[in-house]
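Right, one structure below, let's go through it.
Numbering (the numbering used here), first residue to last: 466 to 869.
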């Protein structure tokens with residue numbers, strides 16, 4: 466700011482001038498400290514303001530650098546975070562193209578369509594700590610009238626393909642129906658995320674706060690791109706779960722490449738329509754992991770009374786480790802069918818919240834079901850839904866009414 470000074474009028478008397486000068490001197494003497502303080506504040510204010518702005522600029526620069534590390538914003542869609550121009554993504558594209566014999570420009574073009582999804586990063590995080598497992602509550606989500614009705618209707622519509630899958634792979638129709646029912650409620654819950662977005666988010670920006678699985682999702686993204694190339698489809702067209710699982714059986718892309726079956730022989734694998742390919746793929750998957758035809762899946766058991774013995778058995782988790790004789794020696798009460806079973810058994814505990822836990826002895830076939838999802842709770846839900854569907858199908862007239 467520039468100040469202007471106007472000329473003062475001349476004095477008419479020297480005495481008057483001296484008097485005025487004396488008064489002015491007194492005023493300045495009194496006001497001096499305050500004026501000085503004001504001048505000091507005025508002088509330091511710009512410096513303080515500059516320092517404040519510099520600090521803000523430093524924070525903003527850090528945020529900008531971090532945002533750039535996460536993703537690049539699309540100039541045409543500034544609210545969408547994309548991956549196509551990131552160095553690590555371009556390097557990934559080059560490697561995929563070289564390893565799998567794909568056109569590099571095509572791979573880069575597909576990845577350029579990927580968008581970072583905060584909802585995916587949030588969904589992949591583990592649940593709140595301290596939440597007690599509850600098998601009874603988990604089971605009730607799947608063995609309920611609406612899902613049973615949908616399962617019966619689907620089974621009836623695809624009975625021939627289910628029978629053919631059993632003949633070829635040894636997997637009974639009810640188990641295939643149980644898997645599809647738990648995985649997607651017979652196509653009602655297949656996920657609405659773009660698979661490309663889900664896999665890119667977890668491959669390149671896996672959230673902190675849990676064990677890093679970005680390498681796994683890079684592998685799945687690679688498999689997905691290969692599958693899209695084989696199927697002649699654009700990578701941004703398929704939708705699935707937040708983790709990138711696809712279709713009625715919720716196959717991850719690597720499973721699509723390795724285990725999916727063109728069961729209707731039309732030259733393509735379609736897991737989105739709930740038809741023959743879904744049936745053949747689920748049955749073939751279980752068979753590849755060692756499903757044993759006409760063998761039991763589990764036996765209900767009573768645990769040992771000794772807590773230490775029970776803990777030692779539970780420690781082996783879902784892996785079939787013990788013979789029937791070893792379980793009996795440890796204090797487990799087995800039914801007669803389990804006593805006569807010659808294969809290895811797993812001692813499995815299913816917690817029920819504050820209520821007493823449930824216990825089963827899982828066979829090799831139980832372990833095979835957990836290869837679909839590595840959880841005893843999941844496998845039990847599939848097996849129990851399968852048994853309930855089989856009972857409904859045995860009541861043919863009642864099943865038709867239920868399906869309607």
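Note that beta-carbon positions come from the ideal geometry of N, C-alpha and C, so glycine has one too.
Close Cβ partners of residue i (< 8 Å) along its chain, the five nearest in sequence each way excluded
| i | result |
| --- | --- |
| residue 677 | 671 |
| residue 761 | 802, 806, 828 and 830 |
| residue 587 | 672 |
| residue 793 | 799 and 804 |
| residue 953 | Limits of the chain in this structure are 466 at one end and 869 at the other, which puts residue 953 out of reach. |
Separation of residue j from residue i, as counted between CA atoms
| i | j | result |
| --- | --- | --- |
| residue 854 | residue 798 | 29 Å |
| residue 628 | residue 637 | 8 Å |
| residue 689 | residue 751 | 21 Å |
| residue 767 | residue 837 | 27 Å |
| residue 791 | residue 773 | 15 Å |
| residue 554 | residue 726 | 31 Å |
| residue 860 | residue 668 | 48 Å |
| residue 763 | residue 781 | 16 Å |
| residue 604 | residue 846 | 6 Å |
| residue 549 | residue 819 | 50 Å |
| residue 612 | residue 559 | 45 Å |
| residue 769 | residue 795 | 7 Å |
| residue 858 | residue 582 | 42 Å |
| residue 885 | residue 815 | Since the first and last residues shown for the chain are 466 and 869, residue 885 lies out of range. |
| residue 728 | residue 779 | 39 Å |
| residue 759 | residue 635 | 7 Å |
| residue 939 | residue 734 | Residue 939 cannot be examined here, being either before or after the span of the chain that is shown, 466 to 869. |
| residue 412 | residue 848 | Limits of the chain in this structure are 466 at one end and 869 at the other, which puts residue 412 out of reach. |
| residue 647 | residue 608 | 9 Å |
| residue 621 | residue 614 | 11 Å |
| residue 547 | residue 844 | 38 Å |
| residue 789 | residue 813 | 14 Å |
Counted within 10 angstroms of its Cβ, other Cβ atoms place residue i as buried (16 or more) or exposed
| i | result |
| --- | --- |
| residue 730 | exposed |
| residue 765 | exposed |
| residue 775 | buried |
| residue 535 | Residue confidence is low: residue 535 scores 42 on pLDDT, short of 50, so the model does not pin down where it sits. Its coordinate-derived value is still stated next. By the neighbour-count rule (16 or more Cβ atoms within 10 Å), residue 535 is not buried but exposed. |
| residue 590 | exposed |
| residue 808 | exposed |
| residue 654 | exposed |
| residue 777 | exposed |
| residue 742 | buried |
| residue 871 | Residue 871 is absent from the structure shown; the chain starts at 466 and stops at 869. |
| residue 565 | exposed |
| residue 551 | buried |
| residue 749 | buried |
| residue 624 | exposed |
| residue 680 | exposed |
| residue 556 | exposed |
Beta-carbon proximity list for residue i, same chain, < 6 Å, skipping 5 on both sides
| i | result |
| --- | --- |
| residue 852 | none |
| residue 570 | none |
| residue 687 | 561 |
| residue 747 | 641, 644 and 714 |
| residue 718 | 685, 688, 689 and 692 |
Residue i: CB within 8 Å of a non-hydrogen atom of the ligand NAP
| i | result |
| --- | --- |
| residue 689 | With respect to small molecules bound, the structure shown includes none, and the ligand NAP cannot be examined in it. |
Close-in-space but distant-in-sequence residues of the same chain around residue i (CB under 7 Å, 5 per side omitted)
| i | result |
| --- | --- |
| residue 832 | 783, 784, 785 and 811 |
| residue 674 | 590 |
| residue 817 | 599, 600, 601 and 823 |
| residue 572 | 558, 561, 562 and 690 |
| residue 753 | 724 |
| residue 631 | 637 and 638 |
Among the options, the one whose alpha carbon lies nearest that of residue i
| i | options | result |
| --- | --- | --- |
| residue 579 | 761, 659, 735 and 638 | 659 |
| residue 787 | 650, 587, 826 and 605 | 826 |
| residue 707 | 666, 644, 779 and 605 | 666 |
| residue 684 | 712, 720 and 744 | 720 |
| residue 732 | 844, 756, 697 and 712 | 697 |
| residue 699 | 576, 824 and 846 | 576 |
| residue 568 | 695, 842 and 779 | 695 |
| residue 574 | 644, 562 and 681 | 562 |
| residue 744 | 616, 858, 771 and 664 | 616 |
| residue 711 | 609, 651 and 756 | 651 |
| residue 649 | 594, 817 and 738 | 738 |
| residue 850 | 716, 757, 610 and 557 | 610 |
| residue 856 | 722, 639 and 551 | 639 |
| residue 703 | 657, 618 and 593 | 657 |
Reduced DSSP category for residue i - H, G, I as helix; E, B as strand; rest coil
| i | result |
| --- | --- |
| residue 659 | strand |
| residue 580 | strand |
| residue 815 | strand |
| residue 704 | strand |
| residue 822 | strand |
| residue 547 | strand |
| residue 763 | strand |
| residue 646 | helix |
| residue 567 | coil |
| residue 715 | coil |
| residue 827 | strand |
| residue 669 | helix |
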